[in-house]
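All remarks here apply to the structure that follows.
This is the structure in structure tokens:
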């Protein structure tokens, strides 16, 4: 950052760590540097989760000239943007700030149903699920703003064994019956992390007079991008992320029980996590196939899987260090931002409540100033990896700082936070 922060009216958003899990407590601070007296109608922090897509689709234009019809092939760019999570909260009251440095803490209990951060690109097509924290000071003219990205990861879900089976009639050259074959795949669990091994137990029977050369196993990924939740003009990309093969079956052979085949596939580290958004979806399946010779139909079964992002990924990881020259003269109490679920529960409760007397602006101002007492300059310390969230009790007994928060009249009320709605089930692709 250099000296840009300390030499101008500026904001800086700092989190306690570079990534968080869904359901975890997100904590951070907003650092404000004022080089001159600053009148503001409020200081606000906003946390946003959104999906974005950008891709091209093939088009065909029909035209005619002198009774002749023409078809012209082309491409059209599709873009989508959808906010699925947004919560905002004021961190500081309206007023006039004296020159100096101020710190505003905040924390938020993340919903457990939040999808993980996601980024995937093929060719010129790309899709993202991102989260950003935006802080701004509302003032006349241009607002002072700061924005940073936060990575949300999902931890592996504990599940029991999963599997699937298929029994199909086998034909030669699409019409000549050869009998039937059976294949079954069993896994220890249904959710895996990137870099983890998938152990597969394959049981099969060959009730035909033909030979199955091999049993192929493929971890397949299907990524679907849409410009809107309607799913119109989608972009689809299918790829085999990992594969393995085991010995096939001769005519009449059975591989069951102690004779069952065993295979191991490793989930690549660069696999994007499973995603179930409205315009971004990423689906994984394990396909097990009895592969015969030329002209012999295959027998397949598929097992749905989930790939979790148990480690942070993606570019733009947040910076944990404090800004250069950071020595806050006033630290405000940490604001506990209600989660969307808590806000919904509060709105659904009966409205028969005992009204408490309102706190005056002068009382609020006095409490804010008492939250942190100014220390001698030579005792101010900056933590290298974490800014101080709460001042020591000893410092609260020292003299008050010469920093006054003067209330302003006519400040605009804060807009209510919108609520996170879990995305619907992904379309069948």
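Residue numbers (this note's numbering): 4 to 432.
We put the beta carbon where it would ideally sit given N, CA and C, even for glycine.
Going straight from the alpha carbon of residue i to that of residue j, what length do you get?
i: residue 304; j: residue 26; result: 35 angstroms
i: residue 334; j: residue 90; result: 23 angstroms
i: residue 49; j: residue 342; result: 12 angstroms
i: residue 300; j: residue 294; result: 8 angstroms
i: residue 64; j: residue 74; result: 6 angstroms
i: residue 140; j: residue 119; result: 29 angstroms
i: residue 243; j: residue 273; result: 13 angstroms
i: residue 219; j: residue 285; result: 23 angstroms
i: residue 134; j: residue 28; result: 15 angstroms
i: residue 154; j: residue 18; result: 11 angstroms
i: residue 164; j: residue 267; result: 16 angstroms
i: residue 158; j: residue 182; result: 45 angstroms
i: residue 44; j: residue 149; result: 17 angstroms
i: residue 191; j: residue 167; result: 12 angstroms
i: residue 249; j: residue 137; result: 52 angstroms
i: residue 111; j: residue 31; result: 9 angstroms
i: residue 126; j: residue 289; result: 25 angstroms
i: residue 20; j: residue 199; result: 24 angstroms
Helix or strand or just coil, what does DSSP make of residue i?
i: residue 328; result: coil
i: residue 262; result: helix
i: residue 336; result: strand
i: residue 287; result: strand
i: residue 297; result: coil
i: residue 256; result: coil
i: residue 282; result: coil
i: residue 83; result: strand
i: residue 230; result: coil
i: residue 127; result: coil
i: residue 225; result: strand
i: residue 241; result: strand
i: residue 311; result: strand
Report the partner residues of residue i according to the DSSP bridge assignment.
i: residue 104; result: 36
i: residue 29; result: 111
i: residue 132; result: 54, 121
i: residue 89; result: 51
i: residue 95; result: 46
Does residue i come within less than 8 angstroms of chain B when only Cβ atoms are used?
i: residue 218; result: In summary, chain B is missing from the structure at hand, where a single protein chain is found.
* Asked: So, do the stretch 166-181 and the stretch 234-249 have three or more beta carbon pairs nearer to each other than 8 angstroms?
  -> no
* Is there contact between the stretch 126-140 and the stretch 52-61, where contact requires at least three CB pairs shorter than 8 angstroms? -> yes
* Please go through the stretch 160-218 and give each complete beta strand (DSSP E) segment of 3 or more residues, from N-terminal end onward. => 165-175, 179-190, 194-196, 200-211
* What residue ranges within the stretch 34-76 form continuous beta strand (DSSP E) runs of no fewer than 3 residues, ordered along the chain? -> 41-43, 45-68
* To do: Identify every run of the beta strand (DSSP E) within the stretch 134-163, keeping only runs that are complete inside it and at least 3 residues long; order them along the chain.
  => 147-152, 154-156
* To do: Assess, as a yes-or-no matter, whether the stretch 101-116 is touched by the stretch 32-49 under the definition of 3 or more beta carbon pairs within less than 8 angstroms.
  => Under the three-pair Cβ rule at 8 angstroms, the stretch 32-49 counts as touching the stretch 101-116.
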